[in-house]
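Residue numbering for the sequence shown follows this note's numbering, starting at 63 and increasing by one per position.
Just so it is clear, CB atoms sit at the ideal spot from N, CA and C, and this is done for glycine as well.
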Amino acid sequence: MIKCIASDMDGTLLNSMQQISEENKRAILKAQAEGIEFVVATGRSYQEATYVLSEAGLTCPVICVNGAEVRSKEGEVLSSTPISKSLAREVAAKLSEHDVYYEIYTDKGAYTIDPDKAVSILVDIVVSANPEVDPEEIRSAAGARIRDGLIHQIEDYELLFSDENFLIYKVLAFCFDRNKLQAAGEDLKDFTELDITSSGHENLEITNKHAQKGLALEAFVKEKGIDLAETMAIGDNLNDVSMFERAGRSVAMGNASYEIKALCDVMTAANDEHGVAQAILEVL
């Protein structure tokens, strides 16, 4: 019997308009009403994750920034696994060497030195994955990241690296030049203290090697007295693999790549077809 359901957000729980459908919401509420623990496991910051959840009228624990931080349903920090400031500086320097744009995720939200680029990149990624959507609608939704303070502008990332009041959780690199991104990724493999994964062909997600969704999920269910065999993980991309490897039931989205589908026990519908709801109702 499934006692905990962990779901990725982008490309999984969220549709192409970056929203949680009414069908997905109803299925989550039904699972929660039946005593099943529902937890979001996302590469997003806590602030970005809860922004979308609150819009849908949902509350749940959140494994955020790929497991670098875990928060309770009430928002209490349960665990924190940052990157050292010195290592974050080295990562930033390597990405700059390869002319790769990046954002810094902290315990106080995400930061960019180029907000226009932050919006444009998100628009390009969503539209390339969902060619039928209106780019202007996506641009308006992406702009909300800046307008609503979900991503903050900063003049120099060194202000974060040198401030003891900030924890560095993740460096998120974007580049549409595959060769540049691959070269940067190869250089970063020398840093054995890091975990480098991806949530799309155009990005690298760089965290502490102990900050992985699967490791965070394992610790979360253990604390709840739930066995991993009683856990279901739903996702669509490479940063979900560590969950798939541990959960008793792994579910690939219909919009996931063949590589991801091959790793999972079952496949559900696509994110625009309420695949999370289908996966939940099947185990209920």
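Give the range of the beta strand (DSSP E) segment to which residue i is assigned.
| i | result |
| --- | --- |
| serine 312 | 311-314 |
| isoleucine 296 | 293-297 |
| asparagine 212 | The question names asparagine, but residue 212 is leucine in the sequence shown. Segment: none, leucine 212 is in no beta strand (DSSP E) and carries neither H nor E. |
| isoleucine 64 | Here isoleucine 64 belongs to no beta strand (DSSP E), and DSSP marks it neither H nor E. |
| leucine 256 | 256-259 |
| leucine 266 | 265-270 |
Alpha carbon to alpha carbon, how far is residue i from residue j?
| i | j | result |
| --- | --- | --- |
| glycine 262 | alanine 318 | 10 Å |
| isoleucine 296 | glutamine 81 | 17 Å |
| alanine 235 | isoleucine 322 | 21 Å |
| lysine 135 | glycine 287 | 17 Å |
| serine 260 | asparagine 301 | 6 Å |
| alanine 245 | tyrosine 231 | 23 Å |
| asparagine 227 | leucine 221 | 11 Å |
| aspartate 218 | valine 132 | 27 Å |
| valine 153 | threonine 269 | 10 Å |
| phenylalanine 306 | arginine 151 | 31 Å |
| methionine 329 | threonine 174 | 36 Å |
| aspartate 196 | glutamate 117 | 21 Å |
| alanine 339 | valine 345 | 10 Å |
| aspartate 169 | glycine 105 | 13 Å |
| isoleucine 183 | alanine 93 | 35 Å |
From the DSSP output, in three-state form, read off residue i for me.
| i | result |
| --- | --- |
| alanine 103 | strand |
| alanine 172 | strand |
| isoleucine 145 | strand |
| aspartate 334 | helix |
| glutamate 136 | coil |
| isoleucine 200 | helix |
| valine 328 | strand |
| tyrosine 167 | strand |
| glutamate 131 | strand |
| tyrosine 320 | helix |
| serine 158 | helix |
Starting from residue i, follow the alpha helix (DSSP H) in both directions and report where the run begins and ends.
| i | result |
| --- | --- |
| phenylalanine 236 | No alpha helix (DSSP H) contains phenylalanine 236, which is instead part of the beta strand (DSSP E) from 230-236. |
| methionine 305 | 303-306 |
| glutamine 340 | 337-345 |
| valine 283 | 275-286 |
Comparing C-alpha positions only, which one of the options sits nearest to residue i?
| i | options | result |
| --- | --- | --- |
| threonine 143 | Lys135, Ile125, Glu152 | Ile125 |
| alanine 331 | Glu110, Glu165, Leu140, Gly316 | Gly316 |
| aspartate 298 | His272, Asp334, Leu277 | Asp334 |
| phenylalanine 100 | Leu76, Glu248, Cys66, Asp257 | Cys66 |
| serine 202 | Glu220, Ala180, Leu221 | Ala180 |
| tyrosine 108 | Leu91, Leu212, Pro177 | Leu212 |
| lysine 284 | Arg308, Glu255, Leu266 | Arg308 |
| serine 141 | Ser304, Glu280, Val313, Ile342 | Glu280 |
| isoleucine 98 | Met63, Gly137, His336, Val185 | Met63 |
| valine 114 | Ala155, Asn77, Asp239 | Asn77 |
Nearest chain B C-beta to residue i closer than 8 Å, yes or no?
| i | result |
| --- | --- |
| lysine 275 | Although the question refers to chain B, the structure presented lacks it and comprises just one protein chain. |
task = Could you pull out every unbroken alpha helix (DSSP H) segment of at least 4 residues lying fully inside the region 68-126, listed in chain order?
result = Listed in chain order, the complete alpha helix (DSSP H) runs (minimum 4 residues) inside the region 68-126 are 84-95, 108-118.
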